[in-house]
Structure formats: structure tokens, C-alpha cells
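Trainee: Below is one structure. I have some questions about it.
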Amino acid sequence: MSALPVWRRVRDALVLLWLVVSLTFLLVRLAPGDPATMLVPPNASAAETARLRHEFGLDAPLAVQYARWLGDVLTGNLGASFSTGEPVTRVLARAAPISLGLGAASLALTFLIGVPIGMLQAARRGRAADRALTVLTTAVFAMPSFWIALALVAAFTYGAAMVGFPAWLRLPAFGIHTPGADLHGWDELRDVAWHAILPVGILAAIGAAGLARYTRSSVADVLGQDFVRTARAKGASAGRVFGRHVLATVLPALVVLLALSLPGLVAGSVFVEAVFAWPGMGRAMLLAISARDYPVVMASALAYAAAVIAANLAADLVLPLLDPRRRGA
Amino acid sequence: MTSAPMAGRAAAPPRGRPRSRDPLTLAALALLLGMAGAVVVVPMLARENPLAIGDVLTLRYVAPLSRDAHGTFHLLGTDRFGRDLFVRMMLAGRISLAVGVVGSGAAAALGTALGAAAAWAGGAVDRILMAFTDALLAIPRLILLLVCATLWRPGLATVVVVLIATGWMSVARMTRAEVLGVRAHPYVDAARALGASGTRVLWRHAVPNALGPAIVAAALGVGNAILLESGLSFLGLGVQPPEPSWGNMIAGGREAIVTAPWVALAPGLALIVTVLACTLLGDWLRDRLAGEAAGLLGDRA
Numbered sequence: 165m166s167a168l169p170v171w172r173r174v175r176d177a178l179v180l181l182w183l184v185v186s187l188t189f190l191l192v193r194l195a196p197g198d199p200a201t202m203l204v205p206p207n208a209s210a211a212e213t214a215r216l217r218h219e220f221g222l223d224a225p226l227a228v229q230y231a232r233w234l235g236d237v238l239t240g241n242l243g244a245s246f247s248t249g250e251p252v253t254r255v256l257a258r259a260a261p262i263s264l265g266l267g268a269a270s271l272a273l274t275f276l277i278g279v280p281i282g283m284l285q286a287a288r289r290g291r292a293a294d295r296a297l298t299v300l301t302t303a304v305f306a307m308p309s310f311w312i313a314l315a316l317v318a319a320f321t322y323g324a325a326m327v328g329f330p331a332w333l334r335l336p337a338f339g340i341h342t343p344g345a346d347l348h349g350w351d352e353l354r355d356v357a358w359h360a361i362l363p364v365g366i367l368a369a370i371g372a373a374g375l376a377r378y379t380r381s382s383v384a385d386v387l388g389q390d391f392v393r394t395a396r397a398k399g400a401s402a403g404r405v406f407g408r409h410v411l412a413t414v415l416p417a418l419v420v421l422l423a424l425s426l427p428g429l430v431a432g433s434v435f436v437e438a439v440f441a442w443p444g445m446g447r448a449m450l451l452a453i454s455a456r457d458y459p460v461v462m463a464s465a466l467a468y469a470a471a472v473i474a475a476n477l478a479a480d481l482v483l484p485l486l487d488p489r490r491r492g493a
Numbered sequence: 041m042t043s044a045p046m047a048g049r050a051a052a053p054p055r056g057r058p059r060s061r062d063p064l065t066l067a068a069l070a071l072l073l074g075m076a077g078a079v080v081v082v083p084m085l086a087r088e089n090p091l092a093i094g095d096v097l098t099l100r101y102v103a104p105l106s107r108d109a110h111g112t113f114h115l116l117g118t119d120r121f122g123r124d125l126f127v128r129m130m131l132a133g134r135i136s137l138a139v140g141v142v143g144s145g146a147a148a149a150l151g152t153a154l155g156a157a158a159a160w161a162g163g164a165v166d167r168i169l170m171a172f173t174d175a176l177l178a179i180p181r182l183i184l185l186l187v188c189a190t191l192w193r194p195g196l197a198t199v200v201v202v203l204i205a206t207g208w209m210s211v212a213r214m215t216r217a218e219v220l221g222v223r224a225h226p227y228v229d230a231a232r233a234l235g236a237s238g239t240r241v242l243w244r245h246a247v248p249n250a251l252g253p254a255i256v257a258a259a260l261g262v263g264n265a266i267l268l269e270s271g272l273s274f275l276g277l278g279v280q281p282p283e284p285s286w287g288n289m290i291a292g293g294r295e296a297i298v299t300a301p302w303v304a305l306a307p308g309l310a311l312i313v314t315v316l317a318c319t320l321l322g323d324w325l326r327d328r329l330a331g332e333a334a335g336l337l338g339d340r341a
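Each protein sequence line maps, in turn, to chains A and B.
With this note's numbering applied, the first sequence covers 165 to 493.
With this note's numbering applied, the second sequence covers 41 to 341.
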């Protein structure tokens, strides 16, 4: 794989993207349910429904619809939402930054928390601290994000009232802005950050638990290697062994994981967005799917798939820079 | 791997006790067996029908560990329709556990079959199957699940089918790699030389030897499948009420999260304990089989 020139990998990625969106197109269009019947009032005549179907181009054969859609996408036209008439690009431009911000903040925290915990566990493997952390990380990894979200909402409403939390601990449990407040600039940012503590914290906790599980096992593998024993025998301190030798060995894998987990994290925020009422990609897509709003569904699927494939490609291209073993293979 | 004289002292890692007597794994096994037993037995012992709605106004939102107006004791309280939460939770456990086991097991079986077929057939079949696999892998599983579950009629059957349809790809990739590796072994040539047919060699020799990672993936996938089912049911796209599942019970308690938080939170505890036990057992199995099946930061609820 690694011997392939860059242009071939980019070409392969584009072919894969085309395959993904074509599959999605088929999947969405072959499903039962007609968007036109969902948009017209219940007492509308058959003629009205037919007119709407014609307007959306849904009366054409599937192959023609597919060709039209693909042509539009290639010329940069993602179409307009069936339900609101708004251009799809504007719907996505409004929703994507919210999910991306949520994802990026929690991903950064995931790595800052998860990697040290995993390394600590590997260094103390089999001892009480490792066992306790194994149970903790596996338990957090087993928690559905929406359940944690509800538990925290309960804690900051029901619990806060019962116990009497101090004012600085009364975190907002719903929404992205303080309702009714007209804030700008710095104050608005601080308000959003304040509202983001719970959602970001949940995604980061789950992500960090999973990453710690992964880091523990890969670091433990490295610790068993000969070069680590050599480093120790030479009298290298534990800090140097970990910082220089172990981290350098597991870093490439972690970078790949970082690249690969961003799209999943963005998708994973669907539930957190649902509970905290954040108007991100997850909510936009969920609404679009249930309304059979094909242009929005297809555009979000395209965005997700492009993100996954781009992340894969980036990981592939960056890996040789980090890992001398993969150079010039 | 390590040279003999130094290995005794310097190879630090095997400090832990032997894995086979791991108390954590035993505890996980006990928890899972206990949960499986409870979900079978508890609903059978219940005096009232856990789906029936009775005297809602007097019975709803009874707190855990207390008696309702009729003097009936409720271990975990009651929900918004006055139904006993514990009994419903165990009934939901039947569905959630079954969905998890069937969804993950069947996905692994499908993945094994397709992966083995691709490796064995080679050529165009292999390339088409693997392109299809990669294409499906390139959509986050959660998004794929949402699209499928919403577009088709939501319900128990849809959830299982969709879990299988979106869960087989990584197993197929692993099995393909394993079978390709196995093909190079002399015993495959030996079986061929003894006159075994191609399919016989595949199913009797190649696949059984390539099965380790698929088994690990199936075991680790049970917890993930339960989580995904609960996620879909939470969003109203999975198991439909009045049939209880842990996910739709959590969703059902959501509106009362401020006044009666136990209704939403209790079913989650059963779910977490079950998924935790499944994952610990899957980890143990992976260590035992030393496969490199890795479902690490994948999509989850």
C-alpha cells in the first residue's frame, strides 16, 4: 500500500467517495416513503402531489434522477431543501460548525486525558491502580452518551435543587445560548463555552475511556520489546523511557487514530445534540431523514463520507513522516 | 522473541496474575449470567402485566424502594403510566440482550462468509466485494444505521436487520486477510493433495483456522450492538413502545428527568452493567485468542 504514489491514492479516494454516495443514493431512493406526500396537506388532490413530484424531479426514472444529482454535485450545486426551500449549503453551513466545534473540542480533550491514563495503566499493569482504571474506563465506555447526558441534566436540575449547588456550579443543561440574552463578541463566546461544558465533557469522557483502553494495550506491547529493556539497562530514567522510546513508538498509531476518530466523533454527537438541543449536523440530518428531505440527507451523507475518506487519506500520507519504518517501503 | 538468559528478570510486563484466574473476568461472567437469569425469571414472577396500564394517576412516578397507594412494593419505583420499573426493565433486558447477541453474531457470521468468499474466489469477485466493503466502512456506522432505520419502518426486526447490515464489514476484512494467510500454509496444500474439493478445503480447513478474530469481534460487538440498539430506540427509531427496550425506556423517562429522574436513569444502569460485562469478557477472549480484532474508537451511542 505505502508504495503507491500520492496521485493514485487520491484517485482511489475519489473513486471510493463516488461509490459511497452512489450507494447512499440507492439506499435512500429505494426506501419506501414519498417526500411529496409528506409535504402536501392531507386533503391535497393527487394532481397536487404529482405536481410537487414533478417539481422535485421525483417522477423521472431513477437513473435519470441519479445522473441529474451527480451532475449537480459535480458542478457544486447541492440543491435546495424539500421542506424549507432553503439552499442545502446554507443548512449545512449553519449546522456543521456546531458539530465540528463540539467534535474538535472533545477530541482534543480525549487525547489529553486518554493517552496519559492509558500510559499510566500500562506502566502499572496488573496492579490495583491499573485494575481500578480498567473497570472505570470500560464502564465509561459502556455508557450511552444520551444516558450520561440525562444523568447530568438530572444532577444539574433535580440534584442542584435538592443539594443546593453554589452559583458557579449551576451549569446550563439545555441549549447553546442563554435564552433571551442578546450577547455579542467575547460575551457570546463565553456564553457558548459555558453551555458547551456538559456536552463536550460527555463526549470527551467517552472518547478518553476508549482511547485509554487502546493506549494501554499498545503501550503494554511496546514495554515488552527488546529496545525498551535495552534503554532501561542503559540506565535511562522512567521518564525518558516513556517520553522518548515508548511514545515515539505508539505515536504514529495514535495519530492515525486521531485522524480516523474525528468523523466518528462528529457523528457520535447526534445523541448529545438531541438531549441538549444543539442545532448541529446530527439534528439536521435526523430531521431531514424523517422528513424524506433527500437533498439534505444526501448532502450530509456526502459530507460525512468525504470527511472519513479525507481523514483516511491524510493518515495514510502523514504516517511515513512520523514513522521511519514506513519510509521508502 | 526474547533471548533466553535475560528473559527471566528484565522482561518486566508479565507482572499480573495469570489471566485465567482474573477476578475481573469472573465477576463479569457472573454479572452477565445473573442478568441473563434475571431477565428470564423476573417477568415470569411479576404479578401484574408489565405492559398493562392501570390506575395511572395514583400509581405513576412512585419513588424507588417505596410502596404505592395500593400497598405494592416497587424496588425501582414506577414509570409515567404507573408500571413497575424493575419488571419492565428485566422484560426490556430480554429484547436488548437478544438483539445484541443476534445482531452481533449474525453480522460476524455474514462478515466471515463474505470475507472468506472474497479471499477464496479472488479476482473480480474479491475486488468488487472489497470495494463494496470499503464504501460501507467509509460512512460512519451510526449515520448508516440512522438512514436505514428511519427510512424503513422502525421496529424490532428492522433494528436487527440494520445492525447486521452495518456490522459485517470489518469482520469481512479481517477474515479475508486471515484466509489469505491460511491459504499459504502447507496443510492446505496437503488437503488439496488428498483430493479435497475447493469448497471443502475452504470450509473445513481455511475458515476454522481464520475464525479467531471473527469470534473476538462478535464477542466485543455484543456490547456495541446493545448500545446501538438502545441509541436507535432512544431516538424513537428502534424498538417501539409499548414493547420495552432499555433505550426506549430511557427515552420514556426523559420528560420527567427533572421531577422523577429514576425513570430514565434506572434502565441505563442495567444497560451499562451488561455492556461492561460483555466488553470485559470480550477483552478476556481477545487476550486468550491473541487475535488482533480491534473495534476501538468505532461508532457508538
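C-beta atoms are modelled at their ideal positions from N, C-alpha and C, and glycine is treated no differently.
Only a predicted model underlies this, so the values are computations on that prediction, with no experimental measurement involved.
1. Mapping the DSSP letters down to three states, classify D124(B) as helix, strand or coil.
2. Do L329(B) and T65(B) count as a contact pair if the criterion is CB distance below 8 angstroms?
3. Considering only residues of the same chain and omitting the five flanking positions on each side of A441(A), which have a CB-CB separation below 6 angstroms?
4. With a threshold of 7 angstroms on Cβ separation, who are the neighbours of Y458(A) within its own chain once the five nearest residues in sequence on each side are excluded?
5. Step through the CB atoms of chain A and report whether any lies within less than 8 angstroms of the CB of L182(B).
6. Under a CB-based cut-off of 8 angstroms, is F274(B) close to chain A?
7. Please confirm if the stretch 235 to 251 of chain B is in contact with the stretch 263 to 277 of chain B, defined as three or more CB-CB distances below 8 angstroms between the two stretches.
8. Can you tell me whether T244(A) is helix, strand or coil according to DSSP?
9. Below 8 angstroms on C-beta distance, what does G263(B) contact in chain A?
10. Between which residues of its own chain and V405(A) is the CB-CB distance below 7 angstroms, once the five residues before and five after are set aside?
11. Check whether the Cβ atoms of F305(A) and I370(A) lie closer than 8 angstroms to each other.
12. State the beta-bridge partners of R107(B) as determined by DSSP.
13. Does the Cβ-Cβ distance between L234(B) and T206(B) come in under 8 angstroms?
14. Counting only beta-carbon atoms, is W311(A) nearer than 8 angstroms to chain B?
15. Excluding the 5 residues flanking L486(A) on each side, which residues of the same chain have their C-beta closer than 7 angstroms to its C-beta?
16. Is the CB-CB distance between Q285(A) and A412(A) below 8 angstroms?
17. Identify whether T118(B) lies in helix, strand or coil by the three-state DSSP scheme.
18. Report yes or no: is there a C-beta of chain B within less than 8 angstroms of the C-beta of S247(A)?
19. DSSP state of P253(B), grouped into three classes?
20. If contact means a Cβ-Cβ distance below 9 angstroms, which residues of the stretch 405 to 439 of chain A contact chain C?
21. Hey, could you find the ends of the alpha helix (DSSP H) D174(B) is sitting in?
22. Count the other CB atoms, across all protein chains shown, that sit within 10 Å of the CB of G155(B); report buried if there are 16 or more and exposed otherwise.
23. Helix or strand or just coil, what does DSSP make of P261(A)?
24. Could you check whether the Cβ of T112(B) sits closer than 8 angstroms to any Cβ belonging to chain A?
25. Going by DSSP in three states, P251(A) sits in which element: helix, strand or coil?
26. Can you give the beta carbon distance from L477(A) to R173(A), rounded, assuming they're within the 8 angstroms contact cut?
27. So, does the CB of V174(A) fall closer than 8 angstroms to a CB anywhere in chain B?
28. Would you mind stating whether S136(B) and S285(B) have Cβ atoms separated by less than 8 angstroms?
29. Under three-state DSSP, which class holds A474(A)?
30. Just to confirm my understanding: we take M202(A), look at its own chain, exclude 5 residues before and 5 after, and list those with CB closer than 7 angstroms. What are they?
31. At which residues does the alpha helix (DSSP H) containing P363(A) begin and terminate?
32. Just checking: is the beta-carbon of L329(B) within a distance shorter than 8 angstroms of some beta-carbon in chain A?
33. Whose C-beta lies closer than 8 angstroms to the C-beta of R334(A) among residues of the same chain, with five residues either side of it excluded?
34. Tell me whether the beta-carbon of G94(B) lies closer than 8 angstroms to the beta-carbon of G122(B).
35. Considering H225(B), what are the terminal residues of the alpha helix (DSSP H) in which it resides?
36. List the whole-angstrom C-beta distance separating L305(B) from A315(A), where the pair is believed to meet the contact cut-off of C-beta under 8 angstroms.
Mentor: In terms of the structure at hand:
1. It is a strand residue.
2. No, Cβ-Cβ distance for T65(B) and L329(B) is not below 8 angstroms.
3. The answer, listed in chain order, is F338, G339.
4. Around Y458(A): V192, P199, F246.
5. Closer than 8 angstroms to the CB of L182(B) there is at least one CB belonging to chain A.
6. Put simply, the CB of F274(B) is near chain A, with a gap under 8 angstroms to one of its CB atoms.
7. No contact exists between the stretch 235 to 251 of chain B and the stretch 263 to 277 of chain B.
8. Per the sequence shown, residue 244(A) should be read as Ala rather than Thr. Secondary structure at A244(A): strand, using DSSP grouped into helix, strand and coil.
9. Residues of chain A passing the Cβ test: A306.
10. A distance below 7 angstroms between beta-carbons, with the five flanking residues on each side excluded, links V405(A) to the following residues of its chain, in chain order: V392, A395, R396.
11. Cβ distance < 8 angstroms, so F305(A) and I370(A) count as in contact.
12. DSSP links R107(B) through a beta bridge to F113(B).
13. No Cβ-Cβ contact shorter than 8 angstroms links L234(B) with T206(B).
14. At a cut-off of 8 angstroms, the C-beta of W311(A) has a neighbouring C-beta in chain B.
15. If we look at L486(A) and ignore the five residues flanking it on each side, its Cβ neighbours are L415, P416, V419.
16. No, the pair does not count as a contact, with Cβ atoms beyond the cut-off.
17. Strand at T118(B).
18. So no, S247(A) is outside the interface.
19. If DSSP states are grouped into helix, strand and coil, P253(B) belongs with the helices.
20. Judged by its chain identifiers, the structure shown contains no chain C, and its protein chains are A and B.
21. According to the DSSP assignment, D174(B) belongs to the alpha helix (DSSP H) that extends over 163 to 177.
22. The C-beta of G155(B) has 16 or more other C-beta atoms within 10 Å across all chains shown, which makes the residue buried.
23. Here P261(A) sits in helix by DSSP.
24. For T112(B), the answer is no, since every Cβ of chain A falls outside 8 angstroms of its Cβ.
25. In this structure, DSSP gives P251(A) an extended state, which the three-state scheme calls strand.
26. Yes, L477(A) and R173(A) are in contact; Cβ-Cβ is about 6 angstroms, under 8 angstroms.
27. It does not; no Cβ of chain B falls within 8 angstroms.
28. Their beta carbons are under 8 angstroms apart, which means S136(B) touches S285(B) by this criterion.
29. Under the three-state reduction of DSSP, A474(A) is assigned to helix.
30. Leaving aside the five residues that flank M202(A) on each side, the residues in its chain whose CB is nearer than 7 angstroms to its CB run, in chain order, A455, R456.
31. 349 to 387 is the span of the alpha helix (DSSP H), which, as asked, contains P363(A).
32. So no, L329(B) is outside the interface.
33. Sequence-distant partners of R334(A) (beyond 5 residues in either direction) whose C-beta falls short of 8 angstroms from its own C-beta, in its chain, are F320, A324.
34. Here G94(B) is near G122(B), since their CB atoms are less than 8 angstroms apart.
35. Per DSSP, H225(B) lies in no alpha helix (DSSP H) and is assigned neither H nor E.
36. Confirmed, about 6 angstroms.
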